[in-house]
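Working notes, beginning with the structure itself.
Number of protein chains: 2
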Amino acid sequence: MKKKLSIVDIANALNVSKTTISFILNGRAQEKRISGDLVKKVMEYVAEVGYKANSLAKSLRTGKSNTIGLMVEDISNPFFASIARLIEDRAYKNGYKIIYCSTDNDTQKTRDLISMFRERHVDGYIIAPPEGIEEDIESLINDGMPVVLFDRHLPNVATDFIEVDNLFSTYNATRHLIDQGFRNIALVTFASQQTQMLDRVRGYQDAITSKGLKAIIKEIAFHQDEELIMNPLRDFMKGNPDLDAILFGTNHIGTCGLKVMKELDKKAPTDLAIISFDDYDVFKLHSPPITAIAQPVEEIADYVINVLLDKLNDRSASLRSRSVILRTDLKIRSSSLKSSV
Amino acid sequence: MKKKLSIVDIANALNVSKTTISFILNGRAQEKRISGDLVKKVMEYVAEVGYKANSLAKSLRTGKSNTIGLMVEDISNPFFASIARLIEDRAYKNGYKIIYCSTDNDTQKTRDLISMFRERHVDGYIIAPPEGIEEDIESLINDGMPVVLFDRHLPNVATDFIEVDNLFSTYNATRHLIDQGFRNIALVTFASQQTQMLDRVRGYQDAITSKGLKAIIKEIAFHQDEELIMNPLRDFMKGNPDLDAILFGTNHIGTCGLKVMKELDKKAPTDLAIISFDDYDVFKLHSPPITAIAQPVEEIADYVINVLLDKLNDRSASLRSRSVILRTDLKIRSSSLKSSV
DNA sequence: TAAAACAAATAAATCGTTTTAGCATAATTA
DNA sequence: TAATTATGCTAAAACGATTTATTTGTTTTA
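As structure tokens, this is what we get:
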């Protein structure tokens, strides 16, 4: 267990001041007019012994940790997992590491996690915020921390966010169901006051009422445990046998919905037409394939990281706050097509 | 942007030495026989002003960062995502944060990431190691770092690891196919010298040869890009029309396999019986449901974190190195049952 | 030729903690 | 009563970097 080299060791070995070493290593040799000879000598020696600066000491002094805090709802949810993956790649390429955590949409947990991130001096925050976290985010921003929200935003907090056009997405999907001839169309979604959920509900409602139909909305409490989602879902389906079609508000609910349908031996689209938010393998490979509202995950990740890097590099950029609204893509598959009777 | 309070601010405000504050805050008041009155005063003041120690300074001094580095193959793979999620939960409960990254099974990338983790002074490492990383892991261990491998291990490196009984898993699955009456059974897997892959191949081979059948093994290069997996897979299926059954070596290959079968309009199990390693929604919900080798993800995560915490708390524990081999569960579903002709 | 400017490098302060070693004063022992 | 031991607290060093302010010669300038 060899002791790690410090800058002092280098300085002593070369009989040079550590100040000089530091300047050279930080590319300030020219500016500090340190002779080319010495620069070369130092660089060579550093390479030879494989010295690496202690990033903790560096961070302590400079106040920068080169770390980004990423808070998603649940890292094991395929939507968040794929976004996390893309963000991770791009962050690393720009010299940043990621510390991540799952909030479970739990406000208190999120609060604790934010203060953990703060303690660890992360340089920037990427957050899919739960409800009730407004004050904490605001105080983060007031303290000058770069913050980018995604997947949803906080209406009264002025900060950058990236999300999709949720309202239009569900409006469009609902219209598609109506156009196909379905009339008893339900929306099943998580009970939530989060913006993306409210918009999804509104989009559905707008489409439904524009055609004079009756809105049927089933809200389910957010839960990790699938049983607690499937139970009310099962009750709902059993209790509404005259339903034509269901629009699922999230991929998780959509997946649970498919499981319940399987249990009850209901087939899409004959027994029930189906559309789910988010698109992933389960929906693509299902028989019949499930119509899905595909979010542009790559684009979301790109915007998120780019906006954050902008703010990180140029503090003044924090002033104007950008909101990016991206389009979704309704992947029409047979689960939502009126069976050609 | 209010300046953060430091321990000196607290000391000055109360007219007490910072040493004393530090002792009190670290629960060493009794040991250092500091009067109850003072302890109370300090604790109250600290709570009132909401002082939190700067963890960077703390880490610099103590050499502990309370961070665990987690390296998986790909965080967006459902197997790794769910393990990561479980590990994350348990780590946080024990006061540790997670820094994670995806290795893509790329040795050089992994090497870079290990040195990043080292730089950041993570206290412990959880790694699903790619090939060729033996030396780096060894040097980590030699430097006294607690390391736990999972999902696979490195044969010549003595360290703790958690994995499943891969050999028996594929042996058992193959036997099941044979028992069902299938005879032309292929194994499609990633080309890899990793232990878990070698074992999976061996398990398949053992079962095949024990019955005097012919082993048909298709190895595909590891790739993120699905097209590059699907292309050779498609060629293989087209080129071997007499195949009875396929055992897929990983969930990713399994998913791609299903996509190709969908394209080619092949149905399981009539056209081709199917079993995949790993069990998740895509397989459970598929029509027909896909027989899968389910890994005990919760148990894996529990062992991983427990073994690591043990080593973290008790350096001597590093000496005896544990290998935990867990059982998988073959979830038999209709994709592997000989159609009752 | 004295003053100013420059070149090349460094000493010391700093970031915010923990930890070691030590200092008064009061209480106990012998 | 002098020596010892507790008690309660603190000064200063250390962790390993960056940054500010300074030093010491050497050239230019006027």
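Those protein sequence lines, which keep their order, are chains A and B.
Heads up, the first sequence is in the working numbering, so the first residue is 829 and it goes up one at a time.
Heads up, the second sequence is in the working numbering, so the first residue is 829 and it goes up one at a time.
Beta carbons: idealized from backbone N, C-alpha and C, even for Gly.
Note that the coordinates shown come from a computational prediction; the quantities given were computed from them, not determined experimentally.
| Do you know how far the Cα of A:Leu-1137 is from the Cα of A:Val-836? | 33 Å
| request: Pull up the CB-CB distance for A:Leu-1158 and A:His-1004, whole angstroms please, since I reckon it's below 8 Å. | output: 6 Å
| said: In the DSSP output, what is B:Asp-1157 paired with across the bridge? | reply: B:Ala-1122
| Just how far apart, CA to CA, sit B:Lys-1166 and B:Pro-1069? | 18 Å
| request: Determine the extent of the alpha helix (DSSP H) in which A:Gly-1067 is found, giving its start and end residues. | output: 1055-1067
| query | Going by the beta-carbon positions, is the gap between B:Ala-1035 and B:Thr-1078 smaller than 8 Å? | reply | no
| request: Keeping to the same chain, check which residues put their C-beta closer than 7 Å to that of B:Lys-892; ignore five residues upstream and five downstream. | output: Asp-951
| Would you say B:Thr-890 faces chain A, with C-beta separation under 8 Å as the test? | no
| Along the region 945-960 of chain B, what residues have a CB closer than 9 Å to any CB found in chain A? | Phe-945, Arg-946, Glu-947, Arg-948 and His-949
| Between the C-alpha atoms of A:Gln-936 and B:Ser-1162, what's the straight-line distance to the nearest angstrom? | 44 Å
| query | Looking at chain A, which residues of the region 1039-1072 of chain B have a Cβ within less than 8 Å of any of its Cβ atoms? | reply | none
| Any non-hydrogen atom of the ligand COA closer than 7 Å to B:Asn-840 Cβ | This structure lacks the ligand COA; in fact it carries no ligand of any kind.
| message | Going by DSSP in three states, A:Met-899 sits in which element: helix, strand or coil? | response | strand
| Out of curiosity, what's the CA-to-CA distance linking B:Ile-1045 and A:Ala-839? | 58 Å
| field | alpha helix (DSSP H) segment containing B:Tyr-928, residue limits | value | Not the alpha helix (DSSP H): B:Tyr-928 falls in the beta strand (DSSP E), residues 925-930.
| query | What's the gap between the Cα of B:Arg-826 and the Cα of A:Gln-1052? | reply | Past the boundaries of the shown model lies residue 826 of chain B; chain B is included only from 829 to 1169, so the question cannot be answered.
| field | B:Ser-1164 versus A:Ser-887 - alpha carbon distance | value | 56 Å
| request: Specify the secondary structure class of A:Val-1110 as computed by DSSP and reduced to three states. | output: helix
| query | Hey, quick one: how far does the beta strand (DSSP E) through A:Ser-1104 stretch, first residue to last? | reply | 1101-1105
| query | Opposite A:Tyr-953 in the DSSP bridges: which residues? | reply | A:Gly-897 and A:Val-975
| query | How would you label B:Met-1089, buried or exposed, when you count the other beta carbons within 10 angstroms and need 16 or more for buried? | reply | buried
| request: Pull up the DSSP beta-bridge partners for A:Phe-1076, would you. | output: A:Val-1016 and A:Ser-1104
| Count the other CB atoms within 10 Å of the CB of A:Thr-1037; is the residue buried (16 or more) or exposed (fewer)? | exposed
| task | May I ask you to report which of helix, strand or coil DSSP gives A:Glu-959? | result | coil
| query | Out of curiosity, what's the CA-to-CA distance linking A:Phe-907 and A:Val-900? | reply | 10 Å
| said: If we define contact as Cβ-Cβ less than 8 Å, is A:Ser-834 a contact residue for chain B? | reply: no
| Beta carbon proximity, B:Lys-846 to chain A, threshold 8 Å | no
| request: Using alpha carbons as the reference points, say which of A:Val-1110, A:Leu-1154 and A:Lys-1139 lies closest to A:Pro-1124. | output: A:Leu-1154
| query | Should the region 1018-1035 of chain A be called in touch with the region 967-982 of chain A, which here means at least 3 C-beta pairs below 8 Å? | reply | yes
| DSSP three-state call for B:Ser-845: helix, strand or coil? | coil
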